[in-house]
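These protein sequence lines are chains D and E, in that order. Going by my numbering, the first sequence opens with residue 484, and the numbers climb by one from there. Going by my numbering, the second sequence opens with residue 4, and the numbers climb by one from there.
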Amino acid sequence: MNNRLRVLRAERGWSQAELGAQLSVSRQAVNAIETGKYDPSLPLAFRIGRLFGLAIEDIFDDGHTGTDNG
Amino acid sequence: MDESAPGAGGMFGRVAILAVSSIAIVFGAGVIAGILAAHADDGGGPFDPRLIAIVAGIALAMTGAGWAALRAFRAMARAGGRPTARERRGRLTIIAAALTGMLIAAVLIFFDPTAEGIFSNAPLPAGVALALALIIAVPVPIASYYWHRRIVDEQESNAFRTGAMLGLYAFWLAAPAWWLLWRGGLAPAPDGFILYFLTHLVAGIGWMWGKYR
Numbered sequence: 484m485n486n487r488l489r490v491l492r493a494e495r496g497w498s499q500a501e502l503g504a505q506l507s508v509s510r511q512a513v514n515a516i517e518t519g520k521y522d523p524s525l526p527l528a529f530r531i532g533r534l535f536g537l538a539i540e541d542i543f544d545d546g547h548t549g550t551d552n553g
Numbered sequence: 004m005d006e007s008a009p010g011a012g013g014m015f016g017r018v019a020i021l022a023v024s025s026i027a028i029v030f031g032a033g034v035i036a037g038i039l040a041a042h043a044d045d046g047g048g049p050f051d052p053r054l055i056a057i058v059a060g061i062a063l064a065m066t067g068a069g070w071a072a073l074r075a076f077r078a079m080a081r082a083g084g085r086p087t088a089r090e091r092r093g094r095l096t097i098i099a100a101a102l103t104g105m106l107i108a109a110v111l112i113f114f115d116p117t118a119e120g121i122f123s124n125a126p127l128p129a130g131v132a133l134a135l136a137l138i139i140a141v142p143v144p145i146a147s148y149y150w151h152r153r154i155v156d157e158q159e160s161n162a163f164r165t166g167a168m169l170g171l172y173a174f175w176l177a178a179p180a181w182w183l184l185w186r187g188g189l190a191p192a193p194d195g196f197i198l199y200f201l202t203h204l205v206a207g208i209g210w211m212w213g214k215y216r
């Protein structure tokens with residue numbers, strides 16, 4: 484899943500360790516999410532959204548552009 | 004400030020180097036102990052130059068493995084700057100677990116310093132066997148509970164589940180296959196410790212791959 488986490492983090496001048504500490508996850512977890520190798524759980528995605536003041540869909544993009552459920 | 008190095012593909016390589024080097028050092032120590040014990044059993048005396056060359060070669064390889072492990076550890080420590088409190092707790096737990104494993108391996112090698120090393124099925128003194136079993140049965144579950152509750156985050160937890168699943172499949176497939184081959188007279192009797200080691204190895208590789216790839 485694509486996401487803007489790296490850009491958002493860079494805009495605030497945070498290191499992966501600093502972001503990880505704020506989210507209570509490791510640097511590896513931040514790196515894995517940024518590189519799209521790991522999709523965060525819903526609770527973690529909400530924490531990320533709250534931290535940056537954005538909705539989850541403003542950070543993560545599953546590539547689905549339609550409005551249907553299927 | 005961008006620190007994208009940790010967690011990149013190189014990290015998995017460093018962890019692999021660290022793990023393989025550590026195993027090589029333990030096995031090298033076991034082989035040297037076995038050679039020296041065999042020499043003593045043969046009545047001792049002056050060492051054959053060929054034997055000295057072999058032991059020196061193994062010692063050199065162990066030194067190289069130690070150097071590689073140290074480099075990998077330093078690179079891991081450097082990557083990404085200061086570790087978080089969670090990572091520090093994780094490192095301490097890993098170091099404690101590694102030292103416990105090396106202590107158990109050293110005791111096993113001491114009591115059977117043959118080429119089989121820690122894979123030996125030779126009898127142990129009852130007190131030693133009980134002490135080693137208690138080390139595994141009491142502190143390890145407590146440390147594991149602490150590890151899962153206080154150290155791992157959801158990404159590592161997910162990696163751990165991947166490794167555990169692969170390890171379980173390795174056991175599910177290897178154990179009956181080996182058992183059937185034994186019943187067919189095509190293989191020696193299944194060895195529980197080798198199956199345990201295989202399961203552990205596959206689960207560990209899967210876990211590390213999931214965490215550091």
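Here a beta-carbon is modelled for each residue, glycine too, at the ideal position from N, C-alpha and C. These numbers were taken from a predicted model, which means no experiment stands behind them.
Closest residue to residue i among the options (Cα-Cα distance)
i         : options                                    : result
D:Leu-525 : D:Gln-511, D:Glu-540, D:Arg-495, D:Asn-514 : D:Glu-540
D:Ala-532 : D:Ala-500, D:Ser-498, D:Gly-496, D:Gln-505 : Here residue 532 of chain D is Gly; the residue named in the question, Ala, does not match the sequence. With distances taken between Cα atoms, D:Gly-532 lies closest to D:Gln-505.
E:Asn-161 : E:Leu-201, E:Tyr-215, E:His-42             : E:Tyr-215
E:Ala-134 : E:Phe-174, E:Ile-107, E:Gly-195            : E:Ile-107
E:Pro-179 : E:Phe-114, E:Trp-70, E:Ala-22, E:Asp-194   : E:Asp-194
E:Gly-93  : E:Val-141, E:Ala-56, E:Arg-152, E:Pro-128  : E:Arg-152
E:Ile-61  : E:Ala-109, E:Val-29, E:Asp-51, E:Ile-208   : E:Val-29
E:Val-143 : E:Gly-104, E:Glu-157, E:Leu-176            : E:Gly-104
E:Asn-124 : E:Ala-192, E:Arg-164, E:Trp-182            : E:Ala-192
E:Phe-163 : E:Ala-206, E:Ile-20, E:Leu-183             : E:Ala-206
E:Ala-2   : E:Leu-54, E:Ala-146, E:Phe-50, E:Ile-38    : Summary: the structure shown does not reach residue 2 of chain E, with chain E confined to residues 4 through 216, and so no result is reported for it.
E:Ala-22  : E:Ala-40, E:Pro-126, E:Asp-44, E:Met-79    : E:Met-79
E:Glu-157 : D:Thr-548, D:Arg-510, D:Arg-487            : D:Arg-510
D:Ala-512 : E:Gly-187, E:Ile-154, E:Phe-196            : E:Ile-154
E:Leu-169 : E:Trp-182, E:Trp-185, E:Thr-202, E:Ala-190 : E:Thr-202
E:Glu-159 : D:His-547, D:Gly-536, D:Ala-538, D:Asn-514 : D:Asn-514
E:Asp-115 : E:Gly-209, E:Ile-20, E:Ala-41, E:Gly-16    : E:Ala-41
E:Arg-17  : E:Ala-75, E:Arg-53, E:Gly-37               : E:Ala-75
E:Ile-20  : E:Leu-73, E:Leu-63, E:Ala-99               : E:Leu-73
Reduced DSSP secondary structure (H/G/I, E/B, other) of residue i
i         : result
D:Phe-529 : helix
E:Phe-50  : coil
D:Asp-544 : strand
E:Asn-124 : coil
E:Asp-5   : Its pLDDT being 47, under 50, E:Asp-5 is placed unreliably by the model, and nothing is read from it.
Assumed close pair residue i, residue j - CB separation to whole angstroms, cut-off 8 Å
i         : j         : result
E:Val-58  : E:Ile-26  : Incorrect: roughly 19 Å between the Cβ atoms, too far for contact.
E:Ile-121 : E:Leu-137 : Between E:Leu-137 and E:Ile-121 the Cβ distance is about 18 Å, and since that is not below 8 Å, they are no contact.
E:Ala-68  : E:Ser-24  : 4 Å
D:Leu-527 : D:Val-508 : 7 Å
D:Gly-503 : E:Thr-87  : 6 Å
Minimum Cβ-Cβ distance from residue i to chain E less than 7 Å
i         : result
D:Val-490 : no
D:Gln-511 : yes
D:Gly-532 : no
D:Gly-546 : no
D:Gly-519 : no
D:Gly-536 : no
D:Ala-528 : no
Cβ neighbour criterion (16 or more within 10 Å) applied to residue i
i         : result
E:Thr-66  : exposed
E:Ile-97  : exposed
E:Ala-132 : exposed
E:Ala-217 : This structure cannot speak to residue 217 of chain E, because chain E is shown only from 4 to 216.
D:Phe-543 : buried
D:Asn-555 : No information on residue 555 of chain D is available, as it lies outside the stretch 484 to 553 that chain D covers here.
E:Gly-213 : buried
E:Arg-91  : exposed
E:Gly-33  : buried
E:Pro-9   : Residue placement at E:Pro-9 is poorly supported in this model, since its pLDDT is 45, which falls under 50; the coordinates are not used for a value here.
E:Tyr-149 : exposed
E:Ile-139 : exposed
E:Ile-197 : exposed
D:Ala-493 : exposed
E:Asp-44  : exposed
D:Ala-500 : buried
E:Met-4   : In this prediction, E:Met-4 has a pLDDT of 44, which is less than 50 and means its spatial position is unreliable; what the coordinates show is noted afterwards. Result: exposed.
E:Leu-171 : exposed
E:Ala-190 : exposed
D:Tyr-521 : buried
D:Arg-495 : exposed
E:Gly-47  : exposed
Within-7 Å CB hit, residue i to chain D
i         : result
E:Thr-87  : yes
E:Asp-51  : no
E:Asp-156 : yes
Residue i beta carbon near the ligand SAM (any heavy atom closer than 6 Å)
i        : result
E:Gly-37 : For the ligand SAM, the structure offers nothing, since it holds no ligand at all.
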